[in-house]
Amino acid sequence: MEARATLRYARISPRKVSIVMDLIRNKPLAEAQAILQYTPKAACEPLLKLVNSAAANAENNFDMDRN
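Those letters in the sequence shown? Residues 1446 to 1512, by the numbering used here.
Here it is in structure tokens:
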């Protein structure tokens, strides 16, 4: 089972988001959060909120471990 979260109505181009997404894809949660906190890209702030939301969804809705 995988937890999902959706980022909607973000005023940022998909290309900028995909550059940052390629950095964190298939990484553990803690590593992805660290990458997003310290990467100087415009897409990092909304993606960090999205990753945290997906982790919260996994914990609350599916009784999964936060990692």
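Yeah, the Cβ is synthetic: ideal placement off N, Cα and C, and Gly gets one too.
Boundaries of the alpha helix (DSSP H) in which residue i is found, first to last residue
i       : result
Lys1461 : Pro1459 to Ile1469
Ala1499 : Cys1489 to Asn1506
Within 8 angstroms, strictly: CB atoms of residue i and residue j
i       : j       : result
Gln1482 : Val1496 : no
Pro1491 : Ile1457 : yes
Asn1506 : Leu1474 : no
Ala1448 : Met1509 : yes
Counted within 10 angstroms of its Cβ, other Cβ atoms place residue i as buried (16 or more) or exposed
i       : result
Ile1464 : exposed
Ala1513 : Past the boundaries of the shown model lies residue 1513; the chain is included only from 1446 to 1512, so the question cannot be answered.
Ala1487 : exposed
Ala1503 : buried
Collapsed DSSP secondary structure at residue i in the structure displayed
i       : result
Tyr1483 : helix
Ala1475 : helix
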